[in-house]
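Chemist: Residue numbers (our numbering), protein chains in the order written: chain D, 28 to 535; chain C, 113 to 437. Glycine residues also receive a C-beta, built at the ideal position from the N, C-alpha and C atoms. Bear in mind the structure is a predicted one, so any value in this text is a computation, not a measurement.
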Amino acid sequence: MIIRLASVVALLLAWQLGAQASAGRFVIAAPSQIALYVMEHAGLLWRATGVTGWAALQGFVWGNLAGVLLALLSVLVPRSERGSLTLALLLACLPLVATGPILRVLYGPGQGPQITLAALAVVYTTFLPVLVGLRALPQGWADLIRSYGRGPLALLALVRLPAALPYLIAGLQIAAPAAFLGAMVGEFTGAERGLGVLTVRALRALDLPATWTIAALAAALSLAAFAGIGALGRRLDLAPPEILLARPAPRSGGLGEAGAALLVALLLWHIAMEAFDLPRFFAKRPGDVWDYLVAAPGAEAHRAKLGAALGQTLAVALPGYLAGLALGAVLAAGLVLAPGLAALVMPLSVALRAIPIIATAPLIVWALGRDVAGPVTVVAVMIFFPTLIACLHGAARTPRAVLDLFDSYDAGAWRKLLLAQLPAMLPALFASARMAVPAAILAVTTAEWLATGRGIGALMATVASTSDYGMLWSAVAVIGLAALATHAVIAALERAVLSRTNPEQLAR
Amino acid sequence: MTLIRPSRREALALGAAALLTPRLARAATPVTLQLSWLHSVQFGGSYIAQSAGYWSNAGLDVSLLPGGPNAPVEPPVVAGTALVGISAADYTAAAVNQGAPFRIIGVAMQKNPFAIASLPGNPVNTPADLVGKRLGMALANMPVLEALCALNDIDVAGIEVVPTQYDAAPLVQGQVDCLLCWATDLPVAMTMQGLDPVTMLLADHGYAVHSQTYIATEASLKDRRPELVALMKGETMGWTDYEAGPEAAADLTVQMYPDAGLDIETQKMQALRQVPLMFSDLTRAQGFGWFTDETVAANVDTLALLGKPVSADLWDRSILEEVHG
Numbered sequence: 028m029i030i031r032l033a034s035v036v037a038l039l040l041a042w043q044l045g046a047q048a049s050a051g052r053f054v055i056a057a058p059s060q061i062a063l064y065v066m067e068h069a070g071l072l073w074r075a076t077g078v079t080g081w082a083a084l085q086g087f088v089w090g091n092l093a094g095v096l097l098a099l100l101s102v103l104v105p106r107s108e109r110g111s112l113t114l115a116l117l118l119a120c121l122p123l124v125a126t127g128p129i130l131r132v133l134y135g136p137g138q139g140p141q142i143t144l145a146a147l148a149v150v151y152t153t154f155l156p157v158l159v160g161l162r163a164l165p166q167g168w169a170d171l172i173r174s175y176g177r178g179p180l181a182l183l184a185l186v187r188l189p190a191a192l193p194y195l196i197a198g199l200q201i202a203a204p205a206a207f208l209g210a211m212v213g214e215f216t217g218a219e220r221g222l223g224v225l226t227v228r229a230l231r232a233l234d235l236p237a238t239w240t241i242a243a244l245a246a247a248l249s250l251a252a253f254a255g256i257g258a259l260g261r262r263l264d265l266a267p268p269e270i271l272l273a274r275p276a277p278r279s280g281g282l283g284e285a286g287a288a289l290l291v292a293l294l295l296w297h298i299a300m301e302a303f304d305l306p307r308f309f310a311k312r313p314g315d316v317w318d319y320l321v322a323a324p325g326a327e328a329h330r331a332k333l334g335a336a337l338g339q340t341l342a343v344a345l346p347g348y349l350a351g352l353a354l355g356a357v358l359a360a361g362l363v364l365a366p367g368l369a370a371l372v373m374p375l376s377v378a379l380r381a382i383p384i385i386a387t388a389p390l391i392v393w394a395l396g397r398d399v400a401g402p403v404t405v406v407a408v409m410i411f412f413p414t415l416i417a418c419l420h421g422a423a424r425t426p427r428a429v430l431d432l433f434d435s436y437d438a439g440a441w442r443k444l445l446l447a448q449l450p451a452m453l454p455a456l457f458a459s460a461r462m463a464v465p466a467a468i469l470a471v472t473t474a475e476w477l478a479t480g481r482g483i484g485a486l487m488a489t490v491a492s493t494s495d496y497g498m499l500w501s502a503v504a505v506i507g508l509a510a511l512a513t514h515a516v517i518a519a520l521e522r523a524v525l526s527r528t529n530p531e532q533l534a535r
Numbered sequence: 113m114t115l116i117r118p119s120r121r122e123a124l125a126l127g128a129a130a131l132l133t134p135r136l137a138r139a140a141t142p143v144t145l146q147l148s149w150l151h152s153v154q155f156g157g158s159y160i161a162q163s164a165g166y167w168s169n170a171g172l173d174v175s176l177l178p179g180g181p182n183a184p185v186e187p188p189v190v191a192g193t194a195l196v197g198i199s200a201a202d203y204t205a206a207a208v209n210q211g212a213p214f215r216i217i218g219v220a221m222q223k224n225p226f227a228i229a230s231l232p233g234n235p236v237n238t239p240a241d242l243v244g245k246r247l248g249m250a251l252a253n254m255p256v257l258e259a260l261c262a263l264n265d266i267d268v269a270g271i272e273v274v275p276t277q278y279d280a281a282p283l284v285q286g287q288v289d290c291l292l293c294w295a296t297d298l299p300v301a302m303t304m305q306g307l308d309p310v311t312m313l314l315a316d317h318g319y320a321v322h323s324q325t326y327i328a329t330e331a332s333l334k335d336r337r338p339e340l341v342a343l344m345k346g347e348t349m350g351w352t353d354y355e356a357g358p359e360a361a362a363d364l365t366v367q368m369y370p371d372a373g374l375d376i377e378t379q380k381m382q383a384l385r386q387v388p389l390m391f392s393d394l395t396r397a398q399g400f401g402w403f404t405d406e407t408v409a410a411n412v413d414t415l416a417l418l419g420k421p422v423s424a425d426l427w428d429r430s431i432l433e434e435v436h437g
């Protein structure tokens with residue numbers, strides 16, 4: 028206890044000294060400056076936190092509700108799963124630069140866009156684990172229900188829903204920081220108050236104490252939500268999920284099924300814009316994008332421009348994505364070997380996920396360079412958190428009997444990790460690889476917009492400022508297709524690997 | 113519609129308005145003005161119009177909608193959720209080239225606020241000083257730099273452009289030698305932090321692009337003319353007060369938007385620095401927001417350099433003529 032306290036004090040001291048030594052360079056705010064800022068602006072911070080927190084909470088509720096309902100639909104009507112998955116993934120990949128103006132026009136002033144963006148940030152990452160949970164039932168139980176002559180609804184109420192609860196808790200834990208971040212960036216669409224507004228103000232005013240205070244506040248709140256949801260799970264006496272996120276993507280079902288799902292998504296896109304009577308000037312329909320990229324004059328130049336940007340983006344996104352997955356898995360393995368580290372690693376991980384990327388990305392890029400290392404690191408930082416959580420849950424489900432066997436042979440911790448716990452992590456790693464796709468896209472486009480000036484992120488920022496909404500929505504469509512393709516590749520890889528290591532995961 | 117007690121001058125204005133305008137039986141007409149950025153003294157004249165009742169006396173109930181990093185002005189104006197938006201001639205020209213039916217009906221910033229900010233140890237005082245420097249800017253502004261170079265016979269290839277986020281950090285951290293920014297925000301922030309930045313206004317080197325322009329759709333110009341006139345009349349009165357007391361406008365801004373995180377000293381400095389951009393001999397002679405055929409022609413030339421060709425018809429003076437007539 029004393030040692031821990033001493034190490035915290037030492038850390039704060041080092042931070043303070045580091046900040047003072049580099050004061051002229053405007054990089055780090057000292058803890059004393061943060062404390063002073065909090066004292067001087069307590070009322071302002073309190074009100075802003077209330078506004079943003081309330082929007083985040085509402086978005087959290089609506090987004091998770093939508094995620095759960097989509098998962099329920101997928102279980103009750105298995106044919107709908109591909110469509111639900113496609114829809115949830117595409118919604119999660121919508122860039123703010125395209126949705127911002129539309130949401131503001133739809134809602135007018137107020138909290139609408141903030142709440143919607145918080146909700147969109149969590150639908151996909153809740154949908155996936157809950158779907159796994161709804162399916163994670165021993166076959167015997169299903170047979171038992173059936174032998175009593177009861178139907179799928181009884182199965183759902185008596186077995187599936189209780190079985191899904193631990194998975195829901197895990198999903199909610201991942202969702203909490205995402206919803207908070209969603210509400211903050213929602214304020215970028217034109218808001219009068221909130222932590223997102225204060226962040227923009229502080230960055231522009233070169234106000235380091237304010238920037239760091241807001242980042243610390245966002246991190247602390249997300250941490251509290253993360254811990255609170257975890258505690259709620261324990262209070263409900265829920266064992267951690269047994270096979271969290273384990274379900275591989277549905278067997279490909281052929282191109283036909285994927286094509287049908289895509290067609291549904293395109294239809295929804297068109298119908299939604301028509302239903303709200305959004306002007307074509309900034310709300311391009313699928314047909315407009317087709318014209319822009321294929322049919323209209325100049326389409327070839329448009330395609331070339333978009334293709335070049337996409338290539339630049341993938342060159343950053345893929346290494347960052349793989350690095351983030353590896354970092355999450357390695358950290359999880361490290362925590363399995365040395366559980367004591369969790370007290371240090373977990374808060375840091377939640378914090379990095381919750382601090383607005385527009386505040387962290389410039390710092391990371393400044394420290395590591397604009398060319399490759401910086402942007403790749405920004406992507407990795409954004410996606411390692413869900414991977415870490417999922418892999419930890421995965422390792423925790425290593426069958427007790429297997430661990431006992433290793434113990435009885437007096438096998439070392441490394442051997443146990445390598446041969447028992449890592450294979451147990453694999454399904455979770457693959458699932459988190461699928462969950463991380465939208466986060467990787469958000470991160471890479473933000474880094475490109477703020478730091479490198481290349482790729483799709485920079486292209487979208489540029490064309491948005493010149494009202495070139497044809498190019499903007501073409502970029503949105505291409506991003507969506509890239510996300511779906513990435514997801515399909517991971518799912519195929521997952522099936523190939525798990526059929527060797529974890530064949531039970533492929534049984535349906 | 114506002115709870116702020118009117119000052120003596122405002123009370124006089126209220127009284128005068130009550131005498132001059134027939135009492136309107138109908139409720140005030142709701143109108144939205146879309147601002148181009150978060151609330152700050154950048155829109156101080158509008159806040160004066162709001163709190164002094166310059167709009168409510170004319171039968172308007174004006175909502176001031178803040179902008180933000182992801183809040184472009186053009187969509188709400190096209191969609192009709194905002195009657196008027198505060199844009200800039202280059203943004204408006206781009207939107208018009210994409211098919212938006214806009215007209216510029218007033219010009220708040222006669223001189224474009226774009227500037228090159230640098231530090232005194234390595235200053236940029238003229239466009240020629242840019243050669244060999246690392247310039248931090250959003251790549252979206254590349255046409256601005258190219259236009260500046262073309263206007264001043266400088267080879268743009270001699271400048272090393274570094275894509276950066278829009279804040280002063282890259283400059284003070286030494287990542288770049290200079291920044292392309294507004295003269296009224298990042299240099300003010302640096303000054304408040306105790307630095308002494310050098311600013312070179314692009315407008316002083318041939319870059320003629322009207323900024324903080326009022327835009328409305330052609331349909332609104334036809335169908336909602338009385339509201340447009342009343343709105344611009346309020347703006348004119350508000351900004352005329354602003355010119356007389358920019359620091360009072362900063363006080364009002366902080367008072368009206370206590371949650372915006374504004375620092376009063378920063379706001380006062382910004383308020384003073386935008387005065388020479390907004391008011392000139394022309395506005396003092398003709399009235400706030402005015403533009404002439406000559407200033408429009410200069411804009412058309414610069415916009416052509418920016419790759420945003422427009423005709424002089426984009427500007428429509430009829431609303432201002434009614435306001436100042």
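Would you mind giving the Cβ-Cβ distance between P213 of chain C and E377 of chain C, rounded to the nearest angstrom? I have them listed as a contact below 8 Å.
Modeler: No, P213 of chain C and E377 of chain C are not in contact; Cβ-Cβ is about 42 Å, not under 8 Å.
Chemist: So, is the C-beta of E410 of chain C closer than 8 Å to a C-beta in chain D?
Modeler: For the record, residue 410 of chain C in the displayed sequence is Ala; it is not Glu. By this cut-off, A410 of chain C is not an interface position.
Chemist: How would you list, in chain order, the residues of chain D whose beta-carbon sits under 8 Å from the beta-carbon of T378 of chain C?
Modeler: Within 8 Å Cβ-Cβ: A232.
Chemist: For the segment 390 to 412 of chain D, list every residue whose C-beta sits within 8 Å of some C-beta in chain A, in sequence order.
Modeler: In the structure shown, chain A cannot be found, because the protein chains are D and C.
Chemist: If we ignore side chains and look at the alpha-carbon of each, how far apart do A369 of chain D and F412 of chain D end up?
Modeler: So the alpha carbons of these two residues sit roughly 13 Å apart.
Chemist: Rounded C-beta distance between L145 of chain C and E339 of chain C? I'm assuming under 8 Å.
Modeler: Their Cβ separation, rounded to whole angstroms, is 11 Å, which puts L145 of chain C and E339 of chain C out of contact at 8 Å.
Chemist: Quick check on the DSSP output: what are the complete beta strand (DSSP E) runs of length 3 or more inside the segment 436 to 495 of chain D, in order along the chain?
Modeler: None, since the segment 436 to 495 of chain D contains no complete beta strand (DSSP E) of that length.
Chemist: Going along the chain, which unbroken runs of the alpha helix (DSSP H) with 4 or more residues stay wholly within the segment 53 to 141 of chain D?
Modeler: Counting only runs of 4 or more, we get 58 to 67, 69 to 103, 108 to 120 and 123 to 134.
Chemist: In the DSSP output, what is F214 of chain C paired with across the bridge?
Modeler: For F214 of chain C, which the question treats as bridged, DSSP gives the partners C:T329.
Chemist: Hey, how far is the Cα of D297 of chain C from the Cα of G157 of chain C?
Modeler: Near 17 Å, if we compare the C-alpha coordinates of G157 of chain C and D297 of chain C.
Chemist: For chain C, is any of its Cβ atoms less than 8 Å away from the one on G137 of chain D?
Modeler: So no, G137 of chain D is outside the interface.
Chemist: Cutting at 8 Å between CB atoms, please list the residues of its own chain near L295 of chain D, excluding the five before and the five after it.
Modeler: Contacts found: L114.
Chemist: Quick check: L292 of chain C and V256 of chain C, are their CB atoms within less than 8 Å of each other?
Modeler: Yes.
Chemist: Quick one: which chain D residues come within Cβ less than 7 Å of T193 of chain C?
Modeler: In chain order: V132 and G135.
Chemist: Which of the three DSSP states is assigned to R522 of chain D in this structure?
Modeler: Three-state result, R522 of chain D: helix.
Chemist: Express the C-alpha separation of L341 of chain D and G334 of chain D in angstroms, rounding to a whole number.
Modeler: Approximately 11 Å between the Cα atoms of the pair.
Chemist: Would you say V503 of chain D lies against chain C (beta-carbon separation less than 8 Å)?
Modeler: So no, V503 of chain D is outside the interface.
Chemist: To the nearest angstrom, how far is the alpha carbon of M390 of chain C from that of L320 of chain D?
Modeler: M390 of chain C and L320 of chain D: Cα-Cα distance of roughly 42 Å.
Chemist: Look at the alpha carbon of P136 of chain D and the alpha carbon of E186 of chain C, and state the distance between them as a whole number of angstroms.
Modeler: When rounded, the distance between both Cα atoms is 16 Å.
Chemist: Using the three-state DSSP reduction, which class does T352 of chain C fall into: helix, strand or coil?
Modeler: Three-state result, T352 of chain C: helix.
Chemist: DSSP three-state label for V36 of chain D, please.
Modeler: Of the three classes helix, strand and coil, the one that applies to V36 of chain D here is helix, per DSSP.
Chemist: Any beta carbon of chain D sitting closer than 8 Å to that of G373 of chain C?
Modeler: It does; some Cβ of chain D falls within 8 Å.
Chemist: When you check each C-beta in the segment 176 to 189 of chain C against every C-beta of chain D, which residues fall closer than 8 Å?
Modeler: From the segment 176 to 189 of chain C, only L177, P178, G179, G180, P181, N182, A183, P184, E186, P187 and P188 have a Cβ closer than 8 Å to chain D.
Chemist: Just to make sure I have the definition right: I need the residues of chain C whose C-beta is within less than 7 Å of the C-beta of G127 of chain D. Which are they?
Modeler: Simply N182 and A183.
Chemist: Under 6 Å Cβ to Cβ from L158 of chain D, same chain only, skipping five residues before and after it: list those, please.
Modeler: Correct list, in chain order: A98 and S101.
Chemist: Which residues, taken in chain order from the segment 307 to 329 of chain D, show a beta carbon closer than 7 Å to some beta carbon of chain C?
Modeler: Going along the segment 307 to 329 of chain D in chain order, one finds F308 and F309 with a Cβ nearer than 7 Å to chain C.
Chemist: Go ahead and pull the three-state DSSP assignment for L305 of chain D.
Modeler: DSSP places L305 of chain D in coil when its eight states are reduced to three.
Chemist: Step through the CB atoms of chain D and report whether any lies within less than 8 Å of the CB of H151 of chain C.
Modeler: Judged by the 8 Å Cβ criterion, H151 of chain C is in contact with chain D.
Chemist: What residue does the beta strand (DSSP E) around P275 of chain C start on, and which one ends it?
Modeler: Looking at the DSSP string, the run of the beta strand (DSSP E) that includes P275 of chain C is E272 to P275.
Chemist: Contact check, V95 of chain D vs L195 of chain D under 8 Å by CB: the rounded distance?
Modeler: Contact flag correct, Cβ pair sits at about 7 Å.
Chemist: Please identify the residue among D:D234, D:R162, D:I468 and D:L250 whose C-alpha is closest to the C-alpha of A510 of chain D.
Modeler: Nearest option by C-alpha distance: D:I468.
Chemist: Spatial neighbours of G218 of chain C within its chain, please: C-beta separation below 6 Å, excluding the five flanking residues on both sides.
Modeler: So the qualifying residues of the chain are Y326, M344, G401 and L432.
Chemist: According to DSSP, simplified to helix, strand and coil, what is T311 of chain C?
Modeler: Correct three-state label for T311 of chain C: strand.
Chemist: What whole-angstrom Cβ distance do A466 of chain D and I410 of chain D have, given they're in contact under 8 Å?
Modeler: Sure, about 5 Å apart at Cβ, within 8 Å.
Chemist: Look up G283 of chain D in the DSSP assignment and say whether it is helix, strand or coil.
Modeler: The answer is helix: DSSP assigns G283 of chain D an H, G or I state.
Chemist: Whose C-alpha, out of C:N224, C:Q305, C:S430 and C:K380, is nearest the C-alpha of Y354 of chain C?
Modeler: The residue with the shortest Cα to Cα distance from Y354 of chain C is C:K380.
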